[in-house]
Amino acid sequence: MSYSWFKSSKVTQASPVRGGAAVGMLADMPPLERGMVQLLRQWCDGEAGRIAVAEDFTAIFGAEQAALEVNNLAHLITLMVQMGRRPLMRHHTHCACLGGDESAFAQMVAAATAGDREDAMAFALTMLPPDIAYEAVQVAEHVGRATLDIIHRLSATGGYFATPATRH
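If you count by my numbering, then the sequence shown holds residues 2 to 169, one letter each, in order.
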């Protein structure tokens, strides 16, 4: 519950948790951004999700490069989850909605991948302190390039980045 500054106001219900409000639909996002949200959700879903991501990366890149790419992804998500200004909000793995934090995360990675570091920093700074935001943008560029590589390799097979989520 939240309280008003004014004595005469009634107690009101708190608004939804900041960053969790739906801002769009996952299916409407470009492939890189959609892929990043799906990777974030799957990674944060627990050990089974992390193992599935690692297996997918290994199938595409081979064991040695997959280890490097998975470590980069883990590092980026760890920065976002553990070093954020507040808890990073995300939707369920199979949710069709796109949350505000998920969108900012995906846009940060997309901007960093495109070489738009100022835009990437703007998105990162909404979620992270400045020194951590800088590091996150550096890592995000590598993660985004690997994700684009995965998207290109899976596009012919209709891989999991192409599959829209279901509505909850």
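Glycine included, C-beta positions come from ideal geometry on N, C-alpha and C.
Nearest-angstrom beta carbon gap, residue j and residue i [assumed within contact, 8 angstroms]
{"i": "residue 99", "j": "residue 129", "result": "Contact flag wrong, Cβ pair sits at about 20 angstroms."}
{"i": "residue 37", "j": "residue 106", "result": "7 angstroms"}
{"i": "residue 127", "j": "residue 149", "result": "The Cβ separation is near 23 angstroms, so there is no contact."}
{"i": "residue 122", "j": "residue 134", "result": "6 angstroms"}
Boundaries (first-last residue) of the alpha helix (DSSP H) holding residue i
{"i": "residue 69", "result": "64-83"}
{"i": "residue 36", "result": "32-45"}
{"i": "residue 155", "result": "131-155"}
{"i": "residue 128", "result": "No alpha helix (DSSP H) holds residue 128; DSSP gives it neither H nor E."}
Range covered by the beta strand (DSSP E) that runs through residue i
{"i": "residue 99", "result": "98-100"}
{"i": "residue 23", "result": "23-26"}
Any chain C beta carbon closer than 8 angstroms to residue i
{"i": "residue 35", "result": "No chain C appears in this structure, which consists of one protein chain only."}
Exposed unless 16 or more other CB atoms sit within 10 angstroms - verdict on residue i
{"i": "residue 85", "result": "buried"}
{"i": "residue 19", "result": "exposed"}
{"i": "residue 92", "result": "buried"}
{"i": "residue 52", "result": "exposed"}
{"i": "residue 69", "result": "exposed"}
{"i": "residue 108", "result": "buried"}
{"i": "residue 56", "result": "exposed"}
{"i": "residue 119", "result": "exposed"}
Sufficient close CB pairs (3 or more, under 8 angstroms) joining the stretch 129-146 to the stretch 71-80: yes
Sufficient close CB pairs (3 or more, under 8 angstroms) joining the stretch 102-121 to the stretch 37-46: yes
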